[in-house]
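*Asks:*
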Amino acid sequence: MENSFFSPKSNKFLYFIICIGLLVGLFLKLFVFEILTVSGESMYPSIKDGDKILINKVAYGIVEPYGDELLCSWNHPERGDIVIYLYNNKIVVKRCLAVSGDTLEVFSDSEYNYTLKVGDSSIRLNQSQYLNLKNSVSVPEGYILAIGDNHEVSVDSRTYGFVSEKNVLGKVICK
Numbered sequence: 000m001e002n003s004f005f006s007p008k009s010n011k012f013l014y015f016i017i018c019i020g021l022l023v024g025l026f027l028k029l030f031v032f033e034i035l036t037v038s039g040e041s042m043y044p045s046i047k048d049g050d051k052i053l054i055n056k057v058a059y060g061i062v063e064p065y066g067d068e069l070l071c072s073w074n075h076p077e078r079g080d081i082v083i084y085l086y087n088n089k090i091v092v093k094r095c096l097a098v099s100g101d102t103l104e105v106f107s108d109s110e111y112n113y114t115l116k117v118g119d120s121s122i123r124l125n126q127s128q129y130l131n132l133k134n135s136v137s138v139p140e141g142y143i144l145a146i147g148d149n150h151e152v153s154v155d156s157r158t159y160g161f162v163s164e165k166n167v168l169g170k171v172i173c174k
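The structure is reproduced here in structure tokens:
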């Protein structure tokens, strides 16, 4: 009996299948899905410290491998999406609270009481966050307002400003 390459008993066939499996796995890891472990309490109670989350990296477009931008995009984050993006060379997880064109109300009713109102949500601000957002009447085109669910401890768009949609690397699809 001849030992051909495509014979199921051939060692070459087994190595070929293993190589194809590794290439498919590498492709999925680089471009499609990723599992991350959350560190921190900024998304509590939705996502807790130590939770594992599954990221759909192609929800909004194709991410540059080992980069921080989309190579091409075909969708935009929506209000309520939990997204990941890079901030200070760290992947952060936040909720998209507002998208391009959404109206923002930033006001102070006393010297120490600052508030951000987006739709039905009212979020307290500290003085620095208030000063950062006070001149913003809406979310600029191509950007989102990303805020952690645990407003008291989250460092987010209130502190560092709006997040460019092209820097959103994926969408959390389950934890």
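Letter by letter, the sequence shown follows residues 0 to 174 of numbering that gives the first Met the number 0. Positions of the beta carbon are idealized from the N, C-alpha and C atoms, including for glycine. Every value quoted in this text rests on a predicted model; they were computed, and no experiment measured them.
Could you check which residue in Leu-69, Cys-173, Glu-164 and Glu-63 has the C-alpha nearest to that of His-75?
*Replies:* Working through the sequence shown from its first residue, we reach residue 75 at position 76. For the residues Leu-69, Cys-173, Glu-164 and Glu-63, the minimum Cα distance to His-75 belongs to Glu-164.
*Asks:* Would you identify the three-state DSSP class for Glu-164, choosing helix, strand or coil?
*Replies:* Translated into the one-based positions of the sequence shown, residue 164 becomes position 165. The answer is helix: DSSP assigns Glu-164 an H, G or I state.
*Asks:* Below 7 Å CB to CB, which residues in the same chain sit around Gly-141 once its five sequence neighbours on both sides are set aside?
*Replies:* By one-based count along the sequence shown, residue 141 stands at place 142. The answer, listed in chain order, is Ser-99, Ser-163 and Glu-164.
*Asks:* Going along the chain, which residues of its own chain have a beta-carbon closer than 6 Å to the beta-carbon of Asp-80, five neighbours each way excluded?
*Replies:* For the purposes of this step, residue 80 is identified with residue 81 of the sequence shown, where counting begins at 1. These residues qualify, in order along the chain: Cys-95 and Lys-170.
*Asks:* Quick one: measure Cβ to Cβ for Leu-103 and Ser-135, integer angstroms, because I've assumed they're closer than 8 Å.
*Replies:* Walking along the sequence shown from the start, residue 103 turns up at place 104. Walking along the sequence shown from the start, residue 135 turns up at place 136. Between Ser-135 and Leu-103 the Cβ distance is about 5 Å, and since that is below 8 Å, they are a contact.
*Asks:* Using beta-carbon positions only, say whether Gly-60 and Leu-69 come within less than 8 Å of one another.
*Replies:* Taking the sequence shown and counting its residues from 1, one reaches residue 60 at position 61. Taking the sequence shown and counting its residues from 1, one reaches residue 69 at position 70. In this structure, Leu-69 lies closer than 8 Å to Gly-60 by Cβ.
*Asks:* Our contact map puts Val-62 next to Phe-30 with C-beta atoms below 8 Å; I'd like the distance itself, whole angstroms only.
*Replies:* To locate residue 62, count along the sequence shown from 1; it is residue 63. To locate residue 30, count along the sequence shown from 1; it is residue 31. Sure, about 7 Å apart at Cβ, within 8 Å.
*Asks:* Can you find the residues in the same chain that come closer than 8 Å, C-beta to C-beta, to Pro-139, ignoring five residues on each side of it along the sequence?
*Replies:* As a position in the sequence shown, residue 139 is number 140, starting the count at 1. Closer than 8 Å at Cβ, skipping near neighbours: Ser-99 and Phe-161.
*Asks:* Helix, strand or coil: which one does DSSP assign to Met-0?
*Replies:* Within the sequence shown, numbered from 1, the residue matching residue 0 stands at position 1. Residue placement at Met-0 cannot be trusted, given a pLDDT of 47 that sits under 50; the coordinates are not used to answer.
*Asks:* Tell me which same chain residues have a C-beta within less than 6 Å of the C-beta of Lys-133, skipping the five on either side of it?
*Replies:* Counted from its first residue, the sequence shown places residue 133 at position 134. Counting only Cβ-Cβ distances below 6 Å, and skipping sequence neighbours, we find Val-105.
*Asks:* Quick one: complete beta strand (DSSP E) runs, 3+ long, within the segment 48-126?
*Replies:* For the segment 48-126, whole beta strand (DSSP E) runs of length 3 or above, ordered along the chain, are 51-55, 60-62, 69-72, 81-86, 89-98, 104-109, 112-117 and 120-124.
*Asks:* Drop a sphere of 10 angstroms on the beta-carbon of Met-0, count the other beta-carbons inside from all chains shown, and report buried for 16 or more, exposed for fewer.
*Replies:* The residue labelled residue 0 in the question sits at position 1 within the sequence shown. Low confidence applies here, because Met-0 scores a pLDDT of 47, under 50, leaving its location unreliable; read the following figure in that light. Label assigned to Met-0: exposed.
*Asks:* Ala-145 and Val-82 look like a contact to me (Cβ under 8 Å); what is the Cβ gap, rounded to whole Å?
*Replies:* Here residue 145 refers to the residue found at position 146 of the sequence shown. Here residue 82 refers to the residue found at position 83 of the sequence shown. Going by Cβ atoms, the distance from Ala-145 to Val-82 rounds to 6 Å, so yes, they are a contact pair.
*Asks:* In angstroms, rounded to a whole number, what distance separates the CA positions of Asp-148 and Lys-93?
*Replies:* One-based indexing of the sequence shown puts residue 148 at position 149. One-based indexing of the sequence shown puts residue 93 at position 94. Approximately 7 Å between the Cα atoms of the pair.
*Asks:* Please report the residue range of the alpha helix (DSSP H) in which Ile-19 lies.
*Replies:* Within the sequence shown, numbered from 1, the residue matching residue 19 stands at position 20. Residues 10-26.
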